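Chains as they are written, first to last, in my numbering: chain B, 371 to 779; chain Z, 28 to 175.
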Amino acid sequence: MKLFLLLLSSLFCINSFGQSAVVVDPAKGASLMEAIADAAPFDTLLVQPGTFKEGRIIIDKPLFILGVGYPVIDGEGKTEIITILSDSVTIQGLQIQNVGVSYIEDRAGISAEKQTHIRIIDNKLYNTFFGVYLKNSSHCLIQGNEIKADAVNEISSGNAIQLWYCNNILVQDNHASGHRDGIYLEFVDDSRIENNTSTNNIRYGLHFMFSNRDQYVGNTFELNGAGVAVMFSKKITMQYNRFINNKGTASYGLLLKEIYDGTISNNTFLGNTTGIYGEGANRLEVHHNTFEKNGWALKVLGSCMDNTFTNNNFINNNFDLTTNNNRSYNNYDGNYWSDYTGYDLDKDGIGDVPHRPIKLFSYIVTRSDASIILLRSLLVDVLNFTEKVTPAFTPELLQDTTPLMKPLL
Amino acid sequence: MKRVVLGLVLLSCFGCNPAPEPIVFGSDQCQFCKMSIVDNRYGAELVTAKGKIYKFDALECLVDFKQKEEKIAAAAHLELAVAFDTPGELVDLNVLHVLYSESLPSPMGMYLSCFKEESEMNKWLDAPNARSMQWAILEKDFEMLDKR
């Protein structure tokens with residue numbers, strides 16, 4: 371909320387300073403670069419439809435650049451396109467396209483370094499290597515942009531939105547596709563990622579590294595190499611997101627690695643190879659999520675401790691849970707498991723016998739991938755049943771003592 | 028019979044000689060952080076005496092892995108890294124120059140890169156606090172350099 375207010379107040383500040391509006395019309399031979407040079411700070415440039423091919427455009431004073439009917443700024447596959455070297459710059463309604471791929475420098479459609487109060491709103495960025503790239507910046511807004519590329523491999527592609535050493539950034543309502551990572555945050559604190567759609571990215575839909583106290587809410591991650599990766603981060607809140615069809619041998623809906631004190635709630639995990647993969651994830655509250663039709667709903671490895679999984683739905687997954695440890699350090703009480711075969715004689719909605727979510731066969735598959743071919747065989751059913759009755763290999767205490775009889779809505 | 032034995036002996040020799048394996052960028056996964064290895068200017072590899080190969084997306088992950096998996100670290104036979112000036116190619120870490128320079132952000136956030144040629148590395152040394160070191164020194168000073 372604080373963040374939101376801060377951003378809101380910053381928006382009002384910028385608008386109240388606006389001085390005069392200058393029309394930049396490429397049809398009359400106007401140059402965007404000259405218009406920027408001639409403008410006074412806090413002017414508005416009204417950019418008319420047409421195409422500008424002026425190479426790298428540097429904005430070195432506070433300006434509001436407003437595109438009318440999506441004028442095209444074309445980098446012709448050479449340089450970076452817009453470089454912001456001033457605070458309080460707003461770029462809205464431009465179509466920015468064709469940044470050259472570079473293996474040496476991280477070129478971007480729009481980049482800013484060490485600035486505050488930058489707003490990048492409703493732009494279209496096509497084939498821009500890195501789309502929007504903010505470094506060492508704070509209190510910025512990236513909203514409603516469409517960032518598209520056709521990445522073929524991870525090496526020659528950049529990230530749609532990349533934030534590096536930033537804080538208090540709001541990333542909202544963007545659409546990122548065809549990049550390496552849809553949204554990439556490294557050393558980003560106190561920021562919010564909201565209502566974005568990230569699809570068909572080669573690596574991750576959203577990727578946190580060394581970032582703390584961030585929230586991502588209401589986003590959709592579909593058909594990415596992996597949906598979201600949260601690594602080496604603390605206090606991340608993950609709510610109301612949809613992780614859909616993130617498939618592949620090393621693919622996950624959500625990958626957690628060395629993270630602490632987060633909340634994962636009200637998310638949907640549908641049709642992923644692995645719903646959540648956790649390694650070194652600690653003290654997480656995982657509740658009110660739905661895991662449906664995944665290969666594995668949860669892979670919680672031995673180094674995960676003190677996590678609470680409660681009030682989640684586990685519906686029609688091949689495996690609900692697997693772990694490589696023979697003790698349980700996490701709490702799995704009070705979930706709905708579609709595989710539960712117990713009964714509820716006292717009709718209180720809670721099963722009378724505990725549920726063991728780990729199947730013996732999931733151990734075997736973890737050891738040897740090829741054994742998956744036996745998944746639906748009678749042999750495996752017998753194995754699983756025997757283990758369920760007399761646990762020998764699976765952690766005996768890993769169980770849901772209060773399984774729900776009906777799914778939560 | 029002799030030939031068969033000879034053949035077996037030869038075969039076993041091949042089996043015992045641990046050799047590095049190139050990193051396939053874009054498809055190999057980092058052993059430590061599980062990210063796929065994408066940036067061909069960075070990367071590292073550890074080969075144990077028994078020939079088991081561990082690949083990493085950055086030097087930071089190799090050091091972190093060695094600290095966590097002490098048994099494997101003790102069995103290390105070869106340690107290699109990708110040199111910034113010869114992208115994609117694995118080189119023995121003992122002949123590489125390791126650079127810490129804040130003008131070169133590395134994938135795992137500690138500004139570490141490796142160089143084959145000292146002259147190439149010197150181009151990056153003018154950043155504040157930049158320093159070059161040998162691999163053994165980096166392992167010793169790793170905690171101190173780690174500001175993540």
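Think of the CB as a built atom: it goes at the ideal place given N, C-alpha and C, for glycine as much as any other residue.
All figures in this text were calculated on a predicted structure; none of them were measured in a lab.
Neighbours of Z/S63 in chain B, taken as residues whose beta carbon is under 8 Å from its own, are E524, R573, G595 and A620 in chain order. DSSP places Z/E96 outside both helix and strand once states are collapsed to three, so it counts as coil. Per DSSP, the unbroken beta strand (DSSP E) holding B/V502 starts and ends at F500 to K505.
By the Cβ test, the region 438-446 of chain B is in contact with the region 457-467 of chain B, since at least three Cβ pairs between them sit closer than 8 Å.
Each residue's CA atom was taken as its position, placing B/V600 and B/V541 some 17 Å apart. For B/Y733 and B/D703, the gap between their C-alpha atoms comes out near 21 Å. Taking the Cα positions, B/T736 is about 15 Å away from B/E649. Around the CB of B/V469, 16 or more other CB atoms lie within 10 Å, so the residue is classed as buried. Under the Cβ criterion (8 Å, minimum of three pairs), the region 751-759 of chain B does not count as touching the region 50-59 of chain Z. The three-state secondary structure of Z/C141, taken from DSSP, is strand. For the set B/E592, B/F500 and B/D520, the Cα lying nearest the Cα of B/Y554 is the one of B/F500. Identification of chain Z residues near B/L625 by a Cβ-Cβ cut-off of 9 Å yields K61 and M62, ordered along the chain.
Annotation: Cβ neighbours of B/F557 in chain Z (cutoff 9 Å, chain order): G136 and R175.
Boundaries cannot be given for B/D709, as no alpha helix (DSSP H) includes it and DSSP labels it neither H nor E. Going by DSSP, Z/D168 is part of the alpha helix (DSSP H) stretching over W162 to L172. Using a Cβ-Cβ cut-off of 7 Å, Z/Q56 is close to A620 of chain B, given in chain order. The straight-line gap separating the alpha-carbon atoms of B/L691 and Z/D168 is approximately 40 Å.
Counting every other CB atom within 10 Å of its CB across the protein chains shown gives Z/L73 a total of 16 or more, marking it as buried.
In summary, B/T486 is exposed, with fewer than 16 beta-carbon neighbours lying within 10 Å of its beta-carbon over all protein chains present. What Z/P114 touches in chain B, judged by beta-carbon distance under 9 Å, is Y473, going in chain order. An exposed status is given to Z/D119, since fewer than 16 other beta-carbon atoms sit within 10 Å of its beta-carbon. At a beta-carbon threshold of 8 Å, the residues of chain Z lying near B/E649 are K61, ordered along the chain. Cα atoms of B/N565 and B/F684: separation of roughly 25 Å, rounded to the nearest angstrom. Secondary structure note for B/F755: its alpha helix (DSSP H) is the uninterrupted segment L748 to V759. For B/F500, no chain Z residue has a Cβ inside 7 Å of its Cβ, as the nearest lies near 13 Å away. Less than 9 Å divides the Cβ of B/P411 from the Cβ of B/L433. B/N594 places its beta carbon less than 9 Å from that of B/I572. Only those residues of the region 579-610 of chain B whose C-beta falls short of 8 Å from the nearest C-beta of chain Z are listed: M579, F580, G595, A599, M601 and F602.
Residues E450, V469 and F499 of the same chain have their beta carbon placed closer than 6 Å to that of B/R477, with the five preceding and five following residues left out of the count. Within the same chain, and ignoring the five residues on either side of Z/W151 in sequence, the residues whose Cβ sits closer than 7 Å to its Cβ are L126, S128, S130, L131 and A157.
Secondary structure at B/N694: coil, using DSSP grouped into helix, strand and coil. Excluding its 5 nearest sequence neighbours in each direction, B/D395 has C-beta neighbours in its own chain below 6 Å: Q418, listed in chain order.
Here the alpha carbons of B/G514 and B/D714 stand approximately 49 Å from one another. The three-state secondary structure of B/N566, taken from DSSP, is coil. For Z/G70, no CB of chain B lies under 9 Å from its own CB, so it is not counted at the interface with that chain. B/A546 is bridged by DSSP to B/I517 and B/S568.
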